[in-house]
Amino acid sequence: MILSYYPGCTLKTKAQDLDLYARKSAEVLGVTMEELEEWQCCGAVYPMASDEIATKLSAVRALENAKEKGQDLLTLCSACHHVIKRVNHDMQTNADMQMKVNNYLQLDEPYTGETKVVHYLEMLRDLVGFDKIKEKVVNPLKGKKIAAYYGCLLLRPSDVLQFDNPENPSIMEDFIRSIGATPVETPYRNECCGGYVSMENKKLAQKKVDLIISSAMEKGAEMIITACPLCMYNLDANSTEHKLPIVYFTELLAEALGVK
Amino acid sequence: MSLNEETKKEYKPLIVAFCCNWCSYAGADLAGSSRLTYPTDVKIIRVPCSCRVNPLFVLRAFQRGADGVIIAGCHPGDCHYTSGNYFARRRMTLLFSMLDYLGIERERTRVEWISAAEGVKFSTTMNEFAKTIHELGENKKLRDLRCEE
Amino acid sequence: MQKIGVFICHCGTNIAATVDVEAVTEAIKNEPGVVYAANYQYMCSENGQALIKNAIAEYGLTGVVVCSCSPRMHEATFRKAAQEAGLNPYMVEIANIREHCSWIHKDKVEATEKAIILARAAIAKVHLNAPLISGQSDVTKRALVIGGGIAGIQTALDIAEAGFEVDIVEKSPTIGGKMAQLDKTFPTLDCAACILTPKMVDAKSNDKITLYTYSEVESVKGFVGNFEVSIRKKARYVNTDLCTGCGECTTKCPSRKAKSEFNMGLMNRGAIYIPFAQAIPNVATIDPQYCIHMKTGKCGLCEKVCSAHAIDFKQQDEIVEQKYGAIVMATGFNLINLDQFDEFGYSKYPDVVTSLEFERLMNAAGPTEGTLLRPSNHEHPHTLVFVQCVGSRDTSGCGKPYCSKICCMYTAKHAMLVRDKYPDTEVYVFYIDVRTPGKNFDEFYRRAVEQYGVHYIKGMVGKVTDKDGKLIVQGSDLLENKQLKIEADMVVLAAAVEPDPSARSVASMLTASIDTNDFMTEAHAKLRPVESPTAGIFLSGMAQGPKDIPETVSQASACAAKVIGLLAKDHLVNNPCVAQSNELRCNGCSNCEKVCPYGAISYIEKEVNDHGVREVRRIAQVNEAVCQGCGACTVTCPSGAMDLKGFSTNQIMAEVDAICR
Amino acid sequence: MDKFLQEQILRMSGVNTRKCMKCGKCSGTCPAYDEMEYHPHQFVAMVESGDIDALMQSNSIWTCLSCFACVERCPRSVEPANLIEAVRLAVIRQQNANHLKAQEIPENLEEKLPQQAIVSAFRKYSK
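Structure below.
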């Protein structure tokens, strides 16, 4: 199985672990991640205004590149996934956007949302299958109680992202089970960590993070996993009361598969 | 007619809508009582069921200068006469592909399922259809020249 | 050539404001065949009708065109007027210039032009009209009520009271429906069981009423006055004639995995069970999905303990065929599934319950025997939060677009009952609007606030989480402009109502129309609210739309009155707009026979005289009492022999020509 | 009441404020509620009534986390977050109105701060 891969800026710098272990694990699982030869930053936030075109172009270019190779586009960072999937949805459904973007890009054949965007977790669930992961695990994380933190960007708006039940998701819990650990459900797993507003209002981020971590601890979690570098940062750097290890889910996967 | 000398110059399409008595005609009534507008181009003929629409009626309409024909009936499974709309669907599929072959564009003919509770759907369907026909312009095919003024 | 009179209605200003009625009158005056044309303010009024009658007499009219509102509204009125003046009623045609013209167009010139065209089409049609004589058919003097909740029971009792036989088909093992599950009823706080169970007993003991419980309608054929219905009596694996309802088997049954439907899954029941103590009929039913004997062949304990020898593991479903004159849809409602509303934590927290589950938790016959306890730990709750409009008034696709109508009142009831029984509790109600239109309803709600001190909060809950065994309800208080986080012990969700899932399939069998929310459509929203547009089908209770018990009972009785009105007739006048075969043109191909959904067409050998040639041919014959006039046969007929009276090929062609002129 | 601005906001956001039934679920759900001067439901009401200047001057537009909880849970599909984004854009598209200026970034830099945070904030707060 070969997929085009869009890593994103943060995975090349501060979140190298997220990327590195994803690649190592994919190898074990028989998935080839072909990094796009050329890609630019997705912009990290989806531009909601109807007159924003230029800020969506980098996502379209990535999508177009994958289309040319006839491959699905794999994403890993929650923010990149959110932006690219929503832009792709625009390109499928918004005629005005289609026209403007294609007029600008002057492609041989207009891009109208043909590429399928797949998050690494979706790949694990839908393309590889958690059962298969179970088979490949050599180092099961038995007895480890892990809380999944989804954040916002993977789940909402659910009608576009179609990732999982936005209020009661299960994909990360299923993942945790597949590597032999015990999932711990926390009620704040799909509530915001403070996001980029931590640059502006650290207090807000601290409040949100404290709530998330204390609730996870109350439920007995020993660690929290995430797919988003910004969530990772907030949960790690902005907690004031308690500390829990915050880990990228790919790192645990690699550990369980014995390639860490 | 003198009433309309001025507006006559602008192209006004003529659309014949066959509506079944139980669903779509009632849907049109609901569109009316909800004051949901659609162009005057649409003229409705009441039939007991969409299966009462003989392909001859459609041909005749085009011969006599209609620019579009729409047949509206109950949703599949909801026909007042159990199965009439299924007959209509089959007959019209066949007829429309034949008309297409004769040069009457596929967009000029349509079958829609509109229930008695779907006033909004009736009006949006008619607006859409009228717009499509307006864009296609006058239908010249199949016209009985003896009917021309 | 017909002598046609055209009558144009102003409908006050409904038509006249957008259509120049004078111009229409002028324009059609000179149409061929039109000998008289007039307009009047209200054609449907007595004076308007007199105008028509006088003109028929004075000008010897042979056809009448009324340009007015929809024929679905007043066609019958004008036909009757014509008949009174001695004209065959089917010589009247309506041009719909209100719903299809004046109400939807703005430009007076264009609307007037369209009205003239519609009038011309009607005139063209009348030219080809022929007098039609209606046949008659008999009425089977027996009614079927589908659904045995309070709506169905009330309708059946009223019909039986008038002396007609009536059968109730109920899919669960007992009648009683949702009302049997309720604790108290608003606005008087009567106990639901106290007022319902006597009616259930009446239904059982009334010799005009036959109960088919644990049964479903399998198929429906026929038409008003003459429905043929087959009813599947599902196997109970218990001989109901022998079962005494002692309940010995239900207590001994070792299978305890099945969720009790009556108690909303809050407790389990045996595989053999009687839904509740007052069930009618009071007999046991075996649930084959959970019965150990039926799955493994072992156990059979119930058979051993039954002194009446009523257990019959070999029982089969039974099909009952019955004829009816009228059918009542009383299929009722359910609460919506809350999978789409996990922000309220329903699937996660046992202490988040629906309002119907709450009824059971408050009910003396419920799982906690009337003591309100938290389902999670069986402790007494101190803080309760009620959330209204969960899934109602929701256009996002997760819920239902309509107001469920009953939640405001039952939530006030719940809040009041909790405060009354447990004065140490704090009760919060999150509301968007409090809707209390009904006799003594607003007074009731105000009592909850003023007398019982229930905290009503204008706002909505956004998320329910938990902390240290408490539920944290995060919501907005719009009047205080605050976000609240209430530490609660229980959360009660007023989930939206929806028609029972069986409604759609039953409605399809009855060919009765249903709206986009699966509620039954009325023949007229205001004037014929308990009848379906399909003749002989009547609507009772929630199947037609959300309503509370007082309203359901009134509607059920209204429905019964309509059914009685139908059953009281010995004969029904048939629709004369039926198919007719031209025997000289018929080629005997049988195509029409195959498409007819009613089996109204048969083939006979008949001697015909075809231009002097006498021969015996196989030709189609229409049974006019059975034909419903859909016209499927007319289009399928390759030789053009089949035609539909009132909507003949020539008539519709003439309309097409008139419109396309 | 600023008609022009109001139309601009509505066009950019694609929101139909009239769909709002004032239930307050957006504000009941908002994780940044306590930090805001105007709350999500007020955003909708204020845009509807044309009271946009007050919104543009409020800190609330910088506090919205774009977490889409209000969008996801709104029973009428009103999308308050889109409105807030449109107002924010109306502010930063003015001359010299960037909320976060490039020269301010170095002082905010922390060892662990991911690029994603800087890019997001820059996209949200500056043109």
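Chains Z, W, X and H supply the protein sequences, listed in that same order. When we follow the numbering used here, the leftmost residue of the first sequence carries the number 411, and every step to the right adds one. When we follow the numbering used here, the leftmost residue of the second sequence carries the number 630, and every step to the right adds one. When we follow the numbering used here, the leftmost residue of the third sequence carries the number 2, and every step to the right adds one. When we follow the numbering used here, the leftmost residue of the fourth sequence carries the number 3, and every step to the right adds one. For each residue, glycine too, the CB sits at the ideal point set by N, CA and C. Model, not experiment: these values are computed from the prediction.
CB contact below 8 angstroms: residue 30 of chain H versus chain X: For the purposes of this step, residue 30 of chain H is identified with residue 28 of the fourth sequence, where counting begins at 1. Yes - at least one Cβ of chain X is within 8 angstroms of the one on residue 30 of chain H.
Where the beta strand (DSSP E) containing residue 55 of chain H begins and where it ends: On the fourth sequence, residue 55 of chain H is found 53 positions in, with the first residue counted as 1. Per DSSP, residue 55 of chain H is not a residue of any beta strand (DSSP E); the alpha helix (DSSP H) it occupies stretches across 54-59.
Helix, strand or coil at residue 491 of chain X [DSSP, three-state]: The count along the third sequence starts at 1 and reaches residue 491 of chain X at position 490. Three-state DSSP puts residue 491 of chain X in a strand.
Complete beta strand (DSSP E) runs within the region 460-528 of chain X (minimum length 3 residues, chain order): Within the region 460-528 of chain X, the complete beta strand (DSSP E) segments at least 3 residues long are 462-468, 471-478, 483-489, 491-496, 498-500, listed from N- to C-terminus.
Under 8 angstroms from the C-beta of residue 89 of chain H: neighbouring residues of chain Z: Within the fourth sequence, residue 89 of chain H is the residue found at index 87, counting from 1. By Cβ distance, chain Z contributes nothing, its closest Cβ being about 10 angstroms from residue 89 of chain H, past 8 angstroms.
Simplified DSSP assignment, three categories, for residue 415 of chain X: Mapped onto the third sequence, residue 415 of chain X falls at position 414. DSSP places residue 415 of chain X in helix when its eight states are reduced to three.
Interface partners of residue 36 of chain H on chain X, CB under 7 angstroms: By one-based count along the fourth sequence, residue 36 of chain H stands at place 34. Here the neighbours are 484.
Neighbourhood of residue 58 of chain H by C-beta, 7 angstroms cutoff - its chain only, sequence neighbours within 5 removed: Looking up residue 58 of chain H in the fourth sequence gives position 56. Closer than 7 angstroms at Cβ, skipping near neighbours: 89, 92, 93.
Stretch-stretch touch, CB-based, cutoff 8 angstroms, three pairs: the region 448-462 of chain X with the region 422-436 of chain X: Flag = yes, the region 448-462 of chain X and the region 422-436 of chain X touch.
Local conformation of residue 646 of chain X per DSSP, three classes: If you number the third sequence from 1, residue 646 of chain X lands on position 645. DSSP, reduced to helix, strand and coil, places residue 646 of chain X outside both helices and strands of the structure shown, so it counts as coil.
Rounded C-alpha distance that separates residue 78 of chain X from residue 587 of chain X: Taking the third sequence and counting its residues from 1, one reaches residue 78 of chain X at position 77. Taking the third sequence and counting its residues from 1, one reaches residue 587 of chain X at position 586. Rounded to the nearest whole angstrom, the CA to CA distance from residue 78 of chain X to residue 587 of chain X is 37 angstroms.
Beta-carbon proximity of residue 557 of chain X to residue 336 of chain X, cut-off 8 angstroms: Along the third sequence, one-based indexing puts residue 557 of chain X at 556. Along the third sequence, one-based indexing puts residue 336 of chain X at 335. Between residue 557 of chain X and residue 336 of chain X, the C-beta spacing is not below 8 angstroms.
Residue range of the alpha helix (DSSP H) that includes residue 445 of chain X: As a position in the third sequence, residue 445 of chain X is number 444, starting the count at 1. Where residue 445 of chain X is concerned, the enclosing alpha helix (DSSP H) stretches over 442-451.
Contiguous alpha helix (DSSP H) assignments of at least 4 residues, all confined to the region 126-191 of chain X: The region 126-191 of chain X contains these whole alpha helix (DSSP H) runs: 151-162.
Contiguous beta strand (DSSP E) assignments of at least 3 residues, all confined to the region 43-117 of chain X: Listed in chain order, the beta strand (DSSP E) elements of length 3 or more contained wholly in the region 43-117 of chain X are 64-69, 93-97.
Close Cβ partners of residue 419 of chain X (< 7 angstroms) along its chain, the five nearest in sequence each way excluded: Translated into the one-based positions of the third sequence, residue 419 of chain X becomes position 418. Once the five neighbours on either side are set aside, the close Cβ partners of residue 419 of chain X are 373, 385, 426, 428.
Residues from the region 379-412 of chain X in contact with chain H, defined by Cβ distance under 9 angstroms: The residues in question are 390, 392, 393, 394, 395, 396, 397, 398, 399, 400.
Segment contact, 8 angstroms Cβ cut-off, at least three pairs: the region 108-117 of chain X with the region 643-659 of chain X: Short answer: they don't touch.
Three-state secondary structure assigned by DSSP to residue 84 of chain H: Start at 1 with the first residue of the fourth sequence, and residue 84 of chain H comes out as number 82. Looking at residue 84 of chain H - three-state DSSP - the assignment turns out to be helix.
Residue 61 of chain H, buried or exposed, once every other Cβ within 10 Å from all chains shown has been counted against 16: On the fourth sequence, position 59 is the one that residue 61 of chain H refers to. When all chains shown are included, residue 61 of chain H counts as exposed.
C-alpha distance - residue 360 of chain Z paired with residue 466 of chain X, whole-angstrom precision: One cannot answer for residue 360 of chain Z here, as it falls past the ends of chain Z, which runs 411 to 670.
At least three beta-carbon pairs within less than 8 angstroms, the region 224-243 of chain X to the region 178-185 of chain X: Because the criterion of three Cβ pairs below 8 angstroms is not met, the region 224-243 of chain X and the region 178-185 of chain X do not touch.
Other residues of its chain near residue 34 of chain H: CB distance less than 6 angstroms, five sequence neighbours each side excluded: Within the fourth sequence, residue 34 of chain H is the residue found at index 32, counting from 1. Cβ within range, chain order: 65, 67.
Cβ neighbour criterion (16 or more within 10 Å) applied to residue 636 of chain W: Within the second sequence, residue 636 of chain W is the residue found at index 7, counting from 1. Residue confidence is low: residue 636 of chain W scores 47 on pLDDT, short of 50, so the model does not pin down where it sits. Its coordinate-derived value is still stated next. Taking all protein chains shown into account, residue 636 of chain W has fewer than 16 neighbouring C-beta atoms within 10 Å of its C-beta and is therefore exposed.
The region 660-674 of chain W: positions lying closer than 7 angstroms to chain X by Cβ: Taking 7 angstroms as the Cβ-Cβ cut-off against chain X, the residues of the region 660-674 of chain W that qualify are 660, 661, 662, 664, 665, 666, 667, 669, 672, 673, 674.
Secondary structure of residue 216 of chain X, DSSP reduced to three states: Position 215 of the third sequence, counting from 1, holds the residue named residue 216 of chain X. In this structure, residue 216 of chain X counts as strand in the three-state DSSP scheme.
First through last residue of the beta strand (DSSP E) which encompasses residue 250 of chain X: Looking up residue 250 of chain X in the third sequence gives position 249. It is not in any beta strand (DSSP E) - residue 250 of chain X instead sits in the alpha helix (DSSP H) that spans 249-253.
Endpoints, the beta strand (DSSP E) within which residue 483 of chain Z is located: Taking the first residue of the first sequence as position 1, residue 483 of chain Z is located at position 73. Note, residue 483 of chain Z: beta strand (DSSP E), 483-485.
Reduced DSSP category for residue 665 of chain Z - H, G, I as helix; E, B as strand; rest coil: The residue you call residue 665 of chain Z lines up with position 255 of the first sequence. When secondary structure is reduced to three states using DSSP, residue 665 of chain Z falls in the helix class.
Cβ-based neighbour list, residue 7 of chain X, same chain, cut-off 6 angstroms, excluding 5 preceding and 5 following: Residue 7 of chain X sits at position 6 when you count from the first residue of the third sequence. Here the set comprises 29, 35, 38, 66.
Unbroken stretches of the alpha helix (DSSP H), 4 residues or longer, contained in the region 101-129 of chain H: Whole alpha helix (DSSP H) segments, 4+ residues: 107-110, 117-127.
Where the region 72-99 of chain H meets chain X: residues whose CB sits under 7 angstroms from a CB there: Listed by position along the chain: 75, 76, 77, 78, 79.
CA-to-CA distance, residue 667 of chain W to residue 657 of chain Z, given in whole angstroms: Your numbering for residue 657 of chain Z matches position 247 in the first sequence. Your numbering for residue 667 of chain W matches position 38 in the second sequence. Roughly 59 angstroms between the two C-alpha positions.
Residue 700 of chain W versus W/675, W/770, W/693, W/694, residue with shortest Cα-Cα distance: Walking along the second sequence from the start, residue 700 of chain W turns up at place 71. If we check each option's Cα against that of residue 700 of chain W, W/675 comes out closest.
Separation of residue 627 of chain Z from residue 471 of chain X, as counted between CA atoms: Stepping through the third sequence from its first residue, residue 471 of chain X is reached at position 470. Stepping through the first sequence from its first residue, residue 627 of chain Z is reached at position 217. Rounded to whole angstroms, residue 471 of chain X and residue 627 of chain Z show a C-alpha spacing of 16 angstroms.
Burial state of residue 767 of chain W (16 or more Cβ within 10 Å): As a working note, residue 767 of chain W is residue 138 in the second sequence. Residue 767 of chain W is exposed by the Cβ-count criterion.
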